[in-house]
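Numbering of the sequence shown is given in the numbering used here, commencing with residue 43 and proceeding in unit increments.
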Amino acid sequence: MRSSLRHIHKTEVDVVAVMRNWLLVFYCLVALLSGAYAQQGWPPVYDIKTDTSMLTLDTTYFQILEDRSGELSFDQVRRNTSFYHGSFFDSHRRSHVYWLRMRVRNTLPDTLNLYLCDFSGSYLDLYWQNAKQQWIHERTGVLIPKSQLTKQNQAERSRLFFQLLPGQQTTLYQRSASAFWDGPILYLSPKLQTKTHRANEVYTAMQVKEGWQNDYFSGITLGILVLAVCYNLLIFFSVNDRVYLYFSVCLFFFILDRNVGQIQSIFFAEQPDLFAFARSFFFIIFFTFFIQSIRKFIQPSDKFRYLNRMISIALLLTVLANVALFFRVSFPLIPIYTTTILLEIQIRITYIFLITLIVKMMNEGSTDARFALLATTPLLIFWLYTLTTNILGYFFKINFRPYVGSSLDYGEGVCFAWLIIVFSAALLNRYSLARKQVVQQAIEKEQLEKEREIEKNRLIANQNELLEKQVEERTSQLKTSLENLKATQNQLIQQEKMASLGELTAGIAHEIQNPLNFVNNFSEVSIELVDELNEERAKDSNRDVELESELLQDLNQNLQKISLHGKRASNIVKGMLEHSRKSTGEREPTDLNALADEYLRLAYHGLRAKDKSFNATLSTDFDKSVDNVSIVAQDVGRVLLNLFTNAFYAVQQRQKIQKEPGYQPTVSITTRCENKQAIIRVSDNGTGMPKSVQKKIFQPFFTTKPTGEGTGLGLSLSYDIITKGHNGTITVESTEGQGTTFTITLPT
43 MRSSLRHIHK
53 TEVDVVAVMR
63 NWLLVFYCLV
73 ALLSGAYAQQ
83 GWPPVYDIKT
93 DTSMLTLDTT
103 YFQILEDRSG
113 ELSFDQVRRN
123 TSFYHGSFFD
133 SHRRSHVYWL
143 RMRVRNTLPD
153 TLNLYLCDFS
163 GSYLDLYWQN
173 AKQQWIHERT
183 GVLIPKSQLT
193 KQNQAERSRL
203 FFQLLPGQQT
213 TLYQRSASAF
223 WDGPILYLSP
233 KLQTKTHRAN
243 EVYTAMQVKE
253 GWQNDYFSGI
263 TLGILVLAVC
273 YNLLIFFSVN
283 DRVYLYFSVC
293 LFFFILDRNV
303 GQIQSIFFAE
313 QPDLFAFARS
323 FFFIIFFTFF
333 IQSIRKFIQP
343 SDKFRYLNRM
353 ISIALLLTVL
363 ANVALFFRVS
373 FPLIPIYTTT
383 ILLEIQIRIT
393 YIFLITLIVK
403 MMNEGSTDAR
413 FALLATTPLL
423 IFWLYTLTTN
433 ILGYFFKINF
443 RPYVGSSLDY
453 GEGVCFAWLI
463 IVFSAALLNR
473 YSLARKQVVQ
483 QAIEKEQLEK
493 EREIEKNRLI
503 ANQNELLEKQ
513 VEERTSQLKT
523 SLENLKATQN
533 QLIQQEKMAS
543 LGELTAGIAH
553 EIQNPLNFVN
563 NFSEVSIELV
573 DELNEERAKD
583 SNRDVELESE
593 LLQDLNQNLQ
603 KISLHGKRAS
613 NIVKGMLEHS
623 RKSTGEREPT
633 DLNALADEYL
643 RLAYHGLRAK
653 DKSFNATLST
663 DFDKSVDNVS
673 IVAQDVGRVL
683 LNLFTNAFYA
693 VQQRQKIQKE
703 PGYQPTVSIT
713 TRCENKQAII
723 RVSDNGTGMP
733 KSVQKKIFQP
743 FFTTKPTGEG
753 TGLGLSLSYD
763 IITKGHNGTI
773 TVESTEGQGT
783 TFTITLPT
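What follows is the structure, given as structure tokens:
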């Protein structure tokens, strides 16, 4: 009986346990369904009961919708059932776009002019229903170009205006978005502020709390920093010390990093996204150039090269960490605050390495290192404190902010101000010392230059004395050399004249032979006529008067012939004498055609006297319009004789060397009168000249004839006679193997 009761009791206990388990499962399902139902429901209505304060909605009164793609439209959001209640701050949020849904009601008897405030995102959109149940859309944001905003929203980049009538209830949809480089939105807290409260807030901040003074002193500080940038750049260009360049770049990016809002609103109102994108790198650029300026300032010795190298590596890792933080959205597995704290740790490590190097250089006796340590120590202490508070606050939830308040923000500003002021003073001291050193070096250099100048003057005096002796000796030698040179030159010129005279001699001998033969012949005939006349006169009674008259007439004609040919011989001798004597340089009217014809024949007969087998065709084309030309006949005759002699030599050489069948040597002379100039062309069909020879043909002592056959002065003297003596020109045109033409122009 007892065992049966025990069995029954056990069975009842088991049944109760089973029922209890089922009830537990049932209650869990009910709770889950209730939770799901609660998520899909609307948040309670928030009643506005005051218009004199900033209203922060509790998490109970708003719901959150995550928009991962950022492409949800307002209609899609209204139909979406995924809204949920969440906390203000959530470090695990991964989206850049969030929608907030809330309901508010005006319980006051007056119309409310309200602002919806959002200080977390870069873009803010508001959808709300007015009294006519129409949906109104407002948009603002710090990254929206100024031209795309209404006038009211341009002034308030974090607030959107809407209006509630007395007793009116409306639904608000807030869309908060951030740029990809700013990371996901972790803090969501909708705030409502009346327009009256906003006006009082601005008035209190600017007038009561004298906030205008902060702006005033901020402007002065900004101006001082800009002047410091310009001053350091000026010093850099003056002394070429890169520490001033690094520090000026450091200050420039410090200005950009600390005045982002003002610079963006003034200079980048239409490109705020571009400036916001760049500002992510302002601090790291400032930090990099600050580290470099300190290192350049203390000038670490080679003894600490490994520590200096560790600073370079740590600085590089800091830059890479900043770039990784910029692209942190690509690494959703790493919490945002974790990457931020890692970057802060890396910055502090680099800074500690720098301080260590400064201390070691200070122990080596570096005065610059003392200034650097004095400037950088407060910022190190402050950064270590902020790193500690951030780590305790994030990982251990210990918040020191209520205890320190806003003094934390002022502390960082004070540390940076101290660093800039002390380091600027150190740089000024460095510049002052450098100027003193430069002045001292200039004085020493000037003294050294004076000593060198004195020594140089002494050496110059000795050198001058020695040079004067050498100059006297050299002058004496040069005078002797010049006299010898002039004598040699005169001999060469005389030799050239004698050579041309020699060319004339053979021609003159041939030319003078003809009139002498006539004189001799007519003299003999005249003697016979005189004998006949005497015989006829000896006949007293049988004299033939007519015969005597004929004999006298023949005798008279013979005497005339003798006189004519005697004058011809006399003219030839006179021409030879004129050619041989020194030219007076006086110009006289001369028959140019007759002069050319005479010297052409003299040159031809001169060559034939040397070579009886040589024959050539003489072609003359004289222009009768060429009147008497005022020239120095002896000089121009020498020129023509030289040209004719060269022409006959060229055709003779072609006849001898090439031995062309049917070749007829020809030398021609042409005269023309054109444009008040007498033109003489001497042409031949001889060997010709290449262009390389034509360029040098008028140079002194240049000749194409074999050694011993020419002095090389003929054409050089001819060029001087025509160009310098007669203001004319002489040119040459030649084709190798075909012939040469010399052209002389003389002013008439």
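C-beta: ideal position from N, C-alpha, C; glycine also.
Sub-7 Å separation of residue i and residue j beta-carbons
i: Leu8; j: Leu234; result: Summary: the structure shown does not reach residue 8, with the chain confined to residues 43 through 790, and so no result is reported for it.
i: Trp39; j: Phe130; result: The shown model of the chain, from 43 to 790, leaves out residue 39, and the question about it has no answer.
i: Pro342; j: Leu396; result: no
i: Phe413; j: Ala476; result: no
i: Asp410; j: Ile340; result: yes
i: Pro789; j: Gln694; result: no
i: Val681; j: Ser760; result: yes
i: Thr28; j: Gly770; result: Because the chain in this structure spans residues 43 to 790, residue 28 falls outside the shown range and cannot be described.
i: Gln388; j: Leu359; result: yes
i: Leu298; j: Phe324; result: yes
i: Gln105; j: Pro86; result: no
i: Val464; j: Ala417; result: yes
i: Thr729; j: Ala675; result: no
Own chain residues within Cβ distance below 6 Å of residue i, not counting five before or after
i: Asn600; result: Phe564, Val567 and Ser568
i: Ile440; result: Leu434
i: Thr428; result: none
i: Gln808; result: In the structure as shown, the chain begins at 43 and stops at 790. Residue 808 is therefore absent and cannot be evaluated.
i: Tyr473; result: Ile277
i: Arg145; result: Val87 and Thr213
i: Phe161; result: Ser200
Between the CA atoms of residue j and residue i - distance to the nearest angstrom
i: Tyr436; j: His134; result: 13 Å
i: Pro208; j: Asn122; result: 30 Å
i: Leu267; j: Glu243; result: 30 Å
i: Val119; j: Gln175; result: 18 Å
i: Ala484; j: Phe309; result: 46 Å
i: Asn301; j: Phe294; result: 11 Å
i: Gln519; j: Asn504; result: 23 Å
i: His6; j: Glu588; result: Given that the chain is displayed from residue 43 to residue 790, the structure contains no residue 6 and the question cannot be resolved.
i: Leu150; j: Lys91; result: 6 Å
i: Asp117; j: Cys272; result: 55 Å
i: Glu510; j: Gln482; result: 41 Å
i: Glu198; j: Thr182; result: 8 Å
i: Glu630; j: Ser655; result: 39 Å
i: Tyr799; j: Gly112; result: Nothing about residue 799 can be reported from this structure: the residues present for the chain run from 43 to 790 only.
i: Asn727; j: Ala692; result: 8 Å
i: Ile522; j: Lys698; result: The residue you asked about is not Ile; residue 522 is Thr in the sequence shown. Each residue's Cα considered, the two are about 46 Å apart.
i: Pro732; j: Ser667; result: 35 Å
i: Ser605; j: Pro707; result: 37 Å
i: Gly679; j: Thr773; result: 17 Å
i: Leu597; j: Ser591; result: 10 Å
Contact with chain D by residue i, beta-carbon distance below 7 Å
i: Ser200; result: Annotation note: the requested chain D is absent from the structure, which comprises a single protein chain.
DSSP bridge partner residues for residue i (one or two, in chain order)
i: Val709; result: Leu660 and Asp726
i: Asp167; result: Arg181 and Arg217
i: Asp653; result: Answer is none; Asp653 lacks a bridge partner.
i: Tyr140; result: Glu108 and Ser218
i: Pro631; result: Ser672
i: Ile772; result: Ile786
i: Asp89; result: Arg147
i: Lys791; result: Here the chain has residues from 43 to 790 only, and residue 791 is not among them.
Closer than 6 Å: residue i CB and nearest the ligand SAM heavy atom
i: Gln388; result: With respect to the ligand SAM, the structure offers nothing, as it holds no ligand at all.
Contacts around residue i, its chain only, beta-carbon distance under 7 Å, and the 5 residues preceding and following it disregarded
i: Ser189; result: Glu312
i: Phe690; result: Ala645, Tyr646, Leu649, Ala658 and Val709
Cut-off 8 Å between Cβ atoms - residues of its own chain near residue i, not counting five sequence neighbours on either side
i: Cys70; result: With a pLDDT of 41 at Cys70, under the threshold of 50, the modelled position of that residue is not reliable, and the figure given next carries that caveat. Here the set comprises nothing.
i: Leu276; result: none
i: Leu185; result: Ser164, Tyr165, Ala221, Pro314, Asp315 and Ala318
Cβ pair count under 8 Å reaching 3, the region 729-743 against the region 768-787: yes
* Report yes or no: do three or more beta-carbon pairs, one from the region 231-247 and one from the region 145-157, lie closer than 8 Å? => yes
Check whether the region 661-673 and the region 698-711 touch, using three or more Cβ-Cβ pairs below 8 Å as the test. yes
For this session: Flag this pair as touching only if the region 357-368 and the region 381-395 have three or more C-beta atom pairs under 8 Å; answer yes or no.
Result: yes
Discussion item. Using 8 Å as the cut-off, can you tell me whether the region 330-342 makes contact with the region 280-289, which would need three or more C-beta pairs spanning the two stretches below that distance?
Written reply: yes
- Between the region 632-645 and the region 672-691, are three or more C-beta pairs nearer than 8 Å? yes
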